[in-house]
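K.L.:
In the numbering used here, the protein residues as written are 1307 to 1505.
Where is the CB? At the ideal position from N, CA and C, for every residue including glycine.
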Ligand SMILES: Cc1cc2nc3c(=O)[nH]c(=O)nc-3n(C[C@H](O)[C@H](O)[C@H](O)COP(=O)(O)O)c2cc1C
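1) Using only the heavy atoms of ligand 1, determine whether one of them is closer than 7 Å to the beta carbon of residue 1459.
2) Got a sec, what are the start and stop residues for the alpha helix (DSSP H) residue 1376 sits in?
3) What residue does the beta strand (DSSP E) around residue 1351 start on, and which one ends it?
4) Would residue 1330 pass as a contact of residue 1382 if the rule is Cβ separation under 8 Å?
5) What I want to know is whether the C-beta of residue 1347 ends up closer than 7 Å to one or more non-hydrogen atoms of ligand 1.
6) Roughly how many angstroms lie between the CA atoms of residue 1545 and residue 1471, to the nearest whole one?
7) Look at the alpha carbon of residue 1439 and the alpha carbon of residue 1410, and state the distance between them as a whole number of angstroms.
8) Quick one: Cα of residue 1402 to Cα of residue 1367, how far?
9) Please name the residue in 1328, 1336, 1481, 1314 whose C-alpha comes closest to that of residue 1407.
10) Quick one: grab the DSSP three-state call for residue 1489.
11) With C-beta atoms as the reference, is residue 1360 less than 8 Å away from residue 1450?
12) Got a sec: does ligand 1 put a non-hydrogen atom nearer than 7 Å to the Cβ of residue 1394?
13) Pick from 1420, 1466, 1473: whose alpha carbon is nearest that of residue 1374?
14) Could you check whether the Cβ of residue 1325 sits closer than 7 Å to any heavy atom belonging to ligand 1?
15) Between 1476, 1474, 1457, which lies nearest to residue 1467 when the distance is taken from Cα to Cα?
16) What does the alpha-carbon distance come out to for the pair residue 1316 and residue 1404?
17) Among 1379, 1376, 1397, which one has its Cα closest to the Cα of residue 1349?
18) Could you round the C-beta distance between residue 1475 and residue 1486 to whole angstroms and report it? I think they count as a contact, below 8 Å.
19) Going by CA-CA distance only, name the one from 1428, 1309, 1437, 1387 that's closest to residue 1376.
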């Protein structure tokens, strides 16, 4: 169909086309007899500011689903370009048959508030406690409170700001991986007055 301004649109069947998604490494297990495991999750997002909460959606058949349901804790490790291969690999093999930390060459390190380990190499580690589980259909959405955050110090600037541009964060869209592109503005730039020329 051609709309005004000559922009032509196709019609697709309804599907999960919202993109890009953040591909994250979720660590789980590490207590109650479970060995630590990693699962790659693209369906993750912030859902509440106060209290800080995020959600991850996990298919019940995943090994990690059993652990998260039993322990009600996990860590969302936000990877950089350096962990891209591990991100993909942890999303195609199961912890039922392999030790993913060892196989991916990733280092488990203690979390501050939860039992599953953080992935030391990942720039951001977000420790979570499950508050609600929603069985939506193909996936269970675990809605969790963020109880602690760790960030790699070298990714902070002198003003105490986290610099995503220093670590090559990943994006997942249409089944493919990308890195963040160039910075085009700061929150609110659309309404901020431009500095007078020459100042
Ligand atoms: C980029 C990517 C994103 C994925 N996103 C999800 C997701 O959001 N939810 C999910 O249940 N599985 C997702 N998967 C699949 C799981 O990571 C995969 O089935 C994994 O092997 C499960 O590991 P486990 O059996 O050790 O839990 C994704 C895989 C990849 C490669």
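P.N.:
With the given structure in hand:
1) By one-based count along the chain shown, residue 1459 stands at place 153. Residue 1459: no, Cβ never under 7 Å from ligand 1.
2) In the chain shown, the residue the question calls residue 1376 occupies position 70. Here the alpha helix (DSSP H) through residue 1376 covers 1369-1377.
3) Indexing the chain shown from 1 puts residue 1351 at position 45. First-last of the beta strand (DSSP E) with residue 1351: 1350-1354.
4) Within the chain shown, numbered from 1, the residue matching residue 1330 stands at position 24. Within the chain shown, numbered from 1, the residue matching residue 1382 stands at position 76. In contact: residue 1330 and residue 1382 (Cβ atoms closer than 8 Å).
5) Stepping through the chain shown from its first residue, residue 1347 is reached at position 41. It does: the Cβ of residue 1347 is within 7 Å (strictly closer) of some heavy atom of ligand 1.
6) Nothing about residue 1545 can be read from this structure; the chain reaches only from 1307 to 1505.
7) Looking up residue 1439 in the chain shown gives position 133. Looking up residue 1410 in the chain shown gives position 104. Taking the straight line joining both Cα atoms gives about 29 Å.
8) Here residue 1402 refers to the residue found at position 96 of the chain shown. Here residue 1367 refers to the residue found at position 61 of the chain shown. One C-alpha to the other measures close to 11 Å.
9) Taking the chain shown and counting its residues from 1, the one referred to as residue 1407 is at position 101. Looking at the Cα atoms, 1336 is the closest of the given residues.
10) By 1-based counting over the chain shown, the position of residue 1489 is 183. It is coil, neither helix nor strand.
11) As a working note, residue 1360 is residue 54 in the chain shown. As a working note, residue 1450 is residue 144 in the chain shown. Result yes, Cβ atoms of residue 1360 and residue 1450 sit closer than 8 Å.
12) Position 88 of the chain shown, counting from 1, holds the residue named residue 1394. Residue 1394 Cβ: within cutoff of ligand 1.
13) Working through the chain shown from its first residue, we reach residue 1374 at position 68. Measuring from the Cα of residue 1374, the nearest candidate turns out to be 1420.
14) Along the chain shown, one-based indexing puts residue 1325 at 19. False, no ligand heavy atom lies under 7 Å from that Cβ.
15) The count along the chain shown starts at 1 and reaches residue 1467 at position 161. Answer by Cα proximity: 1457.
16) To locate residue 1316, count along the chain shown from 1; it is residue 10. To locate residue 1404, count along the chain shown from 1; it is residue 98. Going by the C-alpha atoms only, they are around 43 Å apart.
17) Taking the chain shown and counting its residues from 1, one reaches residue 1349 at position 43. Nearest C-alpha to residue 1349: 1397.
18) Numbered from 1 along the chain shown, position 169 holds the residue referred to as residue 1475. Numbered from 1 along the chain shown, position 180 holds the residue referred to as residue 1486. That pair is a contact at about 5 Å.
19) Position 70 of the chain shown, counted from the first residue, corresponds to residue 1376. Per the Cα distances, 1437.
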